[in-house]
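Enquirer: Can you keep this structure in mind? I'll have questions shortly.
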Amino acid sequence: MSERLRSSMVRPPPGGGRHAGATAFQWLRRYFPFFILGGAFLWSAVTIVTTRVQESPPGTITLHISHWQLETGVKEALELMARRYQELHPNVRVVQNIIPESAYGTWLTTNLLGGTAPDMVEIPDSSKLPHDVMISYYSRYFVPMTPYVSRLNPYNKGTDLENVPLRRTYKDGMRGAYIQELQDYMHIPLSLFGVRIFYNKDLYQRLTGKTKPPADYREFLAVCETIKSQKDAQGRNYIPICAANDSMWAWESQMFDPISYSALRKVDFDRDGFASAEEVYAAFKTGLIDFQHPAYKARYKVTWEVTGYFPVGFTGLARDDSVFQFAQQRGVFLSTGTWDARSLIAQADGTFEIGVMDFPMPRSDDPEYGAVVEGPQYEGMPEGGFPVGITRTSPHQDVALDFLFFMASREQNEKVNDVMGWIPITIGAQMDSFYDAFAPRLEGVYGALSVLGLGGETRSRYQQLYTLFQSHDIPYEAFVAQFEPFYKQRGAVDFEERQRDWRRDLQRNEYLLGAMRADALAAAGAEAASKWVKYRAMTASRQVLAEIDHNRKVALVVQGPALGAAAPYEYSPAVLQKIRARLRGQ
Amino acid sequence: MGSSQGNSAALAVCVVLSLLLGGCAEKQGIEDPREQVAAGWSAYRLGDFTRAVACFDAAAARTPEKSDVHVRALYGLATTWNLRRPDADPARAEAVFKRIVEQAPEHDLAAWSLLALARMKHLVPVGDDPDYAAVRVAYQECIARFPDHLAGEEAFIYQQSTYVATLKQDDARQAAAALERFIAARPRSTFISPAYYLLAHCYTTLRQPDKRLAAMIRAVDTEERDPLNPIQDKALGYWMIGTIAEFEAGDLDTARKYYRLLIDEYPADIRCYGAKTALKRMDDLEARLRAEAGRGAGQGSGGAQR
Numbered sequence: 001m002s003e004r005l006r007s008s009m010v011r012p013p014p015g016g017g018r019h020a021g022a023t024a025f026q027w028l029r030r031y032f033p034f035f036i037l038g039g040a041f042l043w044s045a046v047t048i049v050t051t052r053v054q055e056s057p058p059g060t061i062t063l064h065i066s067h068w069q070l071e072t073g074v075k076e077a078l079e080l081m082a083r084r085y086q087e088l089h090p091n092v093r094v095v096q097n098i099i100p101e102s103a104y105g106t107w108l109t110t111n112l113l114g115g116t117a118p119d120m121v122e123i124p125d126s127s128k129l130p131h132d133v134m135i136s137y138y139s140r141y142f143v144p145m146t147p148y149v150s151r152l153n154p155y156n157k158g159t160d161l162e163n164v165p166l167r168r169t170y171k172d173g174m175r176g177a178y179i180q181e182l183q184d185y186m187h188i189p190l191s192l193f194g195v196r197i198f199y200n201k202d203l204y205q206r207l208t209g210k211t212k213p214p215a216d217y218r219e220f221l222a223v224c225e226t227i228k229s230q231k232d233a234q235g236r237n238y239i240p241i242c243a244a245n246d247s248m249w250a251w252e253s254q255m256f257d258p259i260s261y262s263a264l265r266k267v268d269f270d271r272d273g274f275a276s277a278e279e280v281y282a283a284f285k286t287g288l289i290d291f292q293h294p295a296y297k298a299r300y301k302v303t304w305e306v307t308g309y310f311p312v313g314f315t316g317l318a319r320d321d322s323v324f325q326f327a328q329q330r331g332v333f334l335s336t337g338t339w340d341a342r343s344l345i346a347q348a349d350g351t352f353e354i355g356v357m358d359f360p361m362p363r364s365d366d367p368e369y370g371a372v373v374e375g376p377q378y379e380g381m382p383e384g385g386f387p388v389g390i391t392r393t394s395p396h397q398d399v400a401l402d403f404l405f406f407m408a409s410r411e412q413n414e415k416v417n418d419v420m421g422w423i424p425i426t427i428g429a430q431m432d433s434f435y436d437a438f439a440p441r442l443e444g445v446y447g448a449l450s451v452l453g454l455g456g457e458t459r460s461r462y463q464q465l466y467t468l469f470q471s472h473d474i475p476y477e478a479f480v481a482q483f484e485p486f487y488k489q490r491g492a493v494d495f496e497e498r499q500r501d502w503r504r505d506l507q508r509n510e511y512l513l514g515a516m517r518a519d520a521l522a523a524a525g526a527e528a529a530s531k532w533v534k535y536r537a538m539t540a541s542r543q544v545l546a547e548i549d550h551n552r553k554v555a556l557v558v559q560g561p562a563l564g565a566a567a568p569y570e571y572s573p574a575v576l577q578k579i580r581a582r583l584r585g586q
Numbered sequence: 587m588g589s590s591q592g593n594s595a596a597l598a599v600c601v602v603l604s605l606l607l608g609g610c611a612e613k614q615g616i617e618d619p620r621e622q623v624a625a626g627w628s629a630y631r632l633g634d635f636t637r638a639v640a641c642f643d644a645a646a647a648r649t650p651e652k653s654d655v656h657v658r659a660l661y662g663l664a665t666t667w668n669l670r671r672p673d674a675d676p677a678r679a680e681a682v683f684k685r686i687v688e689q690a691p692e693h694d695l696a697a698w699s700l701l702a703l704a705r706m707k708h709l710v711p712v713g714d715d716p717d718y719a720a721v722r723v724a725y726q727e728c729i730a731r732f733p734d735h736l737a738g739e740e741a742f743i744y745q746q747s748t749y750v751a752t753l754k755q756d757d758a759r760q761a762a763a764a765l766e767r768f769i770a771a772r773p774r775s776t777f778i779s780p781a782y783y784l785l786a787h788c789y790t791t792l793r794q795p796d797k798r799l800a801a802m803i804r805a806v807d808t809e810e811r812d813p814l815n816p817i818q819d820k821a822l823g824y825w826m827i828g829t830i831a832e833f834e835a836g837d838l839d840t841a842r843k844y845y846r847l848l849i850d851e852y853p854a855d856i857r858c859y860g861a862k863t864a865l866k867r868m869d870d871l872e873a874r875l876r877a878e879a880g881r882g883a884g885q886g887s888g889g890a891q892r
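Top to bottom, those sequences are chains A and B. Residue numbers for the first sequence follow our numbering, so the first one is 1 and each next one is one higher. Residue numbers for the second sequence follow our numbering, so the first one is 587 and each next one is one higher.
Structure, rendered in structure tokens:
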């Protein structure tokens, strides 16, 4: 309190009572704003404390879970789970922290580093945090789930899963929750996802006269052409395929890339079944393959044909724009995942019916692509989605784990996914027949063109030119003419940088192995035996053998494949001689 | 105002000092050196290396030299100085690892310290080349002093990998001989599968496909399995054996056997389509070769008749 104020308060007013009243009024008027502010602060504080006490009486455990799922139903589904869990455990409440997708990686990093991360965290995918960064985060900030995945789930009591360990109650065996680099399960997934083409059944029938979706590539192109030729009430042409800048990955992985499969036999030098970035680069550099290979040409030609039915300027559109086009019935087809299904149905709002179809790969009898398309595309068993990890800083790790077990039980997993509109991951959990179309394709072909894998300038240049190609600003010939020489020349530099990154990985592995060894040394009995198996597996695969595989790749890039050698999947004359000799001996 | 600034500064100094001086024991009230060692490893895992060092230091200071806990504290300390990023201090790490070996030469962690000293020589900063002669000598010291210890066997595997990784025939020959001896002498070693894998690499370099195939089959057969690991399966191993048998050894029966194992045991594996294609390809090839042989024989007998 200032001296001036104190003196004005204690001295008797020289002018009597009237003067005293005036002075008090002046004083009140002068400090009135402070009283208002103070009162508001006091009221806020009391309200907050009272509400908190009502919501969380003493002894309440509050679990926080963060995620970025703004799709229809997710928030409601988790609220339902929280309520159901609270019915069983009245002292536990669950609070959601919903963070926008674009800021999730940064937000999580800040909170993990600051020790303020929530108890449970939806694990970000590599578009939000690079995989190697997430590996170090797992190691530092998350509780390994391995000790718990063999436990029975108490919330499956009374079902045929009652005596089944948690990981075996999962459709994917919790494969996606296992982090190879750490040799540990690190999260509990809650859903399965699949990607297909959604289409507006009513609009499709109205514009094409067909009731069944296109069964193959040629029919798909034909209906797209029909759709594109028609105009809506405002005189605008219909958009056959609603798409945005992030639509390409689904089309590429599900339809375009598998067309390049037959090139694998030229470039898979180590015959591990995959075309690595180094192998593809070595094959290009030594002239064993180029962009004129029929499988590569077909892959890009199909891309050109399909993107011709995307909206003009789609590379500048965001995901919400393509969903908006679809919801507004401006277009017929939209490729996306099960995570958008409930939102799309909600946006259709009964005005049109939504159907789901597979990606229309060219068939083996296709007049143009039949010679290079060897089979259906391989999709594989989907791995668990909506993965939730528990942070080391959580003061209630055991309660958080119990809540995740609760959501992973058959009954609750069915319910939570029903409300979210996603596919349940627990065996026996029922789902809407709408999702039958998402049954995974477990046999087929896959891509053999990993140009982007070299990273660096090669990647940037490819993306620039490929964007122009997708939007039909440059034809394939110009794309190849500009990219291929650059790739062959600049790829060597990017390859060298990749080698340095690889060396850094060895150092990081050594740090992780230090922790694994310490764990194994501190353990006893069966637990120690299990930990040593993991330690040796990681030592062998990531430090000992990886270095030799790596050196072979370096030699391949630097020296090229052996002159005159047979292609990886061709019989050399010497091998044919051996086979003949064996046949004669039979 | 000035006084307020002074108070803030004093408060900031207090906070910083309390953070800096708050060691392992003071912060968490840990007095037991064993618990301090455990806390040190927890901090190491979290990447809180300053605290890890404080915990290991505190444990080492509270325990008599050569005692088990003291050695464990020193090992944690040396590991942290070696592998912390940033601010690694290899010289300090090396000194502490050597102290462990001197203080407790028979201790379990002396073996791991010798291995760590060799790894430090092997894993040099990015851009530098290791001095392989010195690296091999360092591994050899661990092998010689602890031949039956897990660390000794790991040192052997790393040591041989330095020869195999050169991809030179002379080195591959030398490593193959050493690995064959190791496999014969220690058939129950937990590093037997990596030894077979290295041997298969040697025979790749030496262009001996039949021996490569045999080594690969043994490597896959003897691989340790973590029953909790859903990813560690034999699918890749079966595929690799199938392709080596088919395209290098010309042993189509073995190729068929392993392609079929892949299809039967891992029907959802990405390579199943390739395996089925391979089975058809081999059938077609054999049919063609038999037809050629039949024609040749027919022509031969026809010629003789004429």
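Note that CB positions come from ideal geometry on N, CA and C, so glycine has one too.
Measuring CA to CA, which of B:Gln794, B:Pro795, B:Tyr783 is closest to Ala805 of chain B?
Expert: Taking only the C-alpha atoms, the option nearest Ala805 of chain B is B:Tyr783.
Enquirer: Our contact map puts Gly444 of chain A next to Tyr859 of chain B with C-beta atoms below 8 Å; I'd like the distance itself, whole angstroms only.
Expert: With 8 Å as the limit, Gly444 of chain A and Tyr859 of chain B qualify as a contact, their Cβ atoms being about 6 Å apart.
Enquirer: Whose Cβ in chain B lies nearer than 9 Å to the Cβ of Ser364 of chain A?
Expert: None at all; the shortest Cβ gap to chain B is about 13 Å.
Enquirer: How about Leu865 of chain B and Arg842 of chain B: do their beta carbons lie closer than 9 Å?
Expert: Yes. Within cutoff.
Enquirer: By the three-class DSSP mapping on this structure, what secondary structure does Gln377 of chain A have?
Expert: DSSP places Gln377 of chain A in strand when its eight states are reduced to three.
Enquirer: Tell me the rounded alpha-carbon separation between Ala522 of chain A and Ala528 of chain A.
Expert: Cα to Cα, the separation comes out at about 8 Å.
Enquirer: Assign Gln412 of chain A to one of two classes, buried (16 or more other C-beta atoms within 10 Å of its C-beta) or exposed (fewer than that).
Expert: Gln412 of chain A comes out buried.
Enquirer: Mind reading off the beta-carbon distance from Asn200 of chain A to Gln329 of chain A? Whole number of angstroms is fine, and I expect it under 8 Å.
Expert: The Cβ separation is near 6 Å, so the contact holds.
Enquirer: Output the distance between the C-alpha atoms of Leu166 of chain A and Pro124 of chain A, rounded to the nearest integer angstrom.
Expert: Taking the straight line from one Cα to the other gives about 23 Å.
Enquirer: Tell me, please, whether the stretch 254 to 271 of chain A touches the stretch 559 to 572 of chain A by the rule of three or more beta-carbon pairs shorter than 8 Å.
Expert: Yes: the two stretches touch, three or more of their Cβ pairs being nearer than 8 Å.
Enquirer: Which partner residues of Asp618 of chain B appear in the DSSP bridge assignment?
Expert: According to DSSP, which records beta bridges pairwise, Asp618 of chain B is partnered with nothing at all.
Enquirer: Given a limit of 7 Å on CB to CB distance, which residues of the stretch 367 to 388 of chain A reach chain B?
Expert: The stretch 367 to 388 of chain A vs chain B, Cβ under 7 Å: Gly375, Tyr378, Gly380, Met381.
Enquirer: On the DSSP letters alone, give me the boundaries of the alpha helix (DSSP H) that Asn668 of chain B sits inside.
Expert: Its alpha helix (DSSP H) spans residues 654 to 669.
Enquirer: Among A:Cys224, A:Glu181, A:Ser150, A:Ser247, which residue has its Cα nearest to the Cα of Arg196 of chain A?
Expert: Ranking the options by Cα distance to Arg196 of chain A, first place goes to A:Ser247.
Enquirer: Got a sec, what are the start and stop residues for the alpha helix (DSSP H) Tyr845 of chain B sits in?
Expert: Start and end: 838 to 851.
Enquirer: Output yes if chain B places a C-beta closer than 9 Å to the C-beta of Trp532 of chain A; else output no.
Expert: Answer yes: the Cβ-Cβ gap between Trp532 of chain A and chain B drops below 9 Å somewhere.
Enquirer: Give the DSSP-derived three-state secondary structure of Leu192 of chain A in the structure shown.
Expert: Residue state, collapsed to three classes: strand.
Enquirer: Please classify Pro213 of chain A as buried or exposed, where buried requires at least 16 other C-beta atoms within 10 Å of its C-beta.
Expert: Buried is the call here.
Enquirer: Just the chain A side, please: which residues come within less than 7 Å of Thr829 of chain B by C-beta, in chain order?
Expert: Per Cβ cutoff of 7 Å: Arg271.
Enquirer: Strictly under 9 Å for the Cβ-Cβ distance: is Glu122 of chain A near chain B by that measure?
Expert: With 9 Å as the cut-off, Glu122 of chain A does not count as an interface residue toward chain B.
Enquirer: Taking Cβ-Cβ distances below 9 Å as the criterion, which residues of the stretch 639 to 669 of chain B are in contact with chain A?
Expert: Answer in chain order: Arg658, Tyr661, Gly662, Thr665, Thr666, Asn668, Leu669.
Enquirer: Determine the direct distance from the alpha carbon of Val493 of chain A to that of Gln464 of chain A, and round the result to whole angstroms.
Expert: If I take the Cα positions, the gap works out to 19 Å.
Enquirer: Under a CB-based cut-off of 9 Å, is Pro733 of chain B close to chain A?
Expert: No, no contact with chain A.
Enquirer: Tell me where the beta strand (DSSP E) around Ser572 of chain A begins and ends.
Expert: Ser572 of chain A -> no beta strand (DSSP E), and no H or E assigned at all.
Enquirer: With His588 of chain A as the anchor, note down where its beta strand (DSSP E) starts and where it stops.
Expert: The requested residue 588 of chain A is not part of the displayed model; chain A covers only 1 to 586.
Enquirer: Rounding to the nearest angstrom, what Cα-Cα distance links Leu545 of chain A and Met538 of chain A in this structure?
Expert: Near 10 Å, if we compare the C-alpha coordinates of Met538 of chain A and Leu545 of chain A.
Enquirer: List the residues of chain A whose Cβ lies closer than 7 Å to the Cβ of Val750 of chain B, in chain order.
Expert: Those are Ile548, listed as they occur along chain A.
Enquirer: State yes or no: is the C-beta of Thr752 of chain B nearer than 8 Å to some heavy atom of the ligand SAH?
Expert: Among the ligands in the structure shown, none appear at all, so the ligand SAH cannot be discussed.
Enquirer: For the stretch 497 to 516 of chain A, list every residue whose C-beta sits within 7 Å of some C-beta in chain B, in sequence order.
Expert: Hits within the stretch, in order: Arg500, Arg503, Arg504, Leu506, Gln507, Glu510, Tyr511, Gly514, Ala515.
Enquirer: In chain order, what residues of the same chain lie with their CB nearer than 8 Å to the CB of Ala318 of chain A, ignoring the 5 residues before and after it?
Expert: Same-chain partners within the cutoff: Ala244, Asn245, Asp246.
Enquirer: Check whether the stretch 56 to 68 of chain A and the stretch 17 to 35 of chain A touch, using three or more Cβ-Cβ pairs below 8 Å as the test.
Expert: Not touching, per the Cβ criterion.
Enquirer: Can you tell me whether Glu878 of chain B is buried or exposed, with buried defined as 16 or more other CB within 10 angstroms of its CB?
Expert: Its Cβ having fewer than 16 others within 10 Å, Glu878 of chain B is exposed.
Enquirer: Can you grab the Cα-Cα spacing for the pair Leu736 of chain B / Glu692 of chain B, in whole Å?
Expert: Whole-angstrom Cα-Cα distance: 14 Å.
Enquirer: Thinking C-beta only, is Leu583 of chain A closer than 9 Å to Leu669 of chain B?
Expert: The answer is no: Cβ separation not under 9 Å.
Enquirer: Closer than 9 Å, CB to CB, is Asp837 of chain B near chain A or not?
Expert: At least one chain A Cβ lies under 9 Å of Asp837 of chain B.
Enquirer: With a 10 Å radius around its C-beta and 16 neighbouring C-beta atoms as the bar for buried, classify Ser433 of chain A as buried or exposed.
Expert: Looking at its Cβ environment, which holds fewer than 16 other Cβ atoms inside 10 Å, Ser433 of chain A is exposed.
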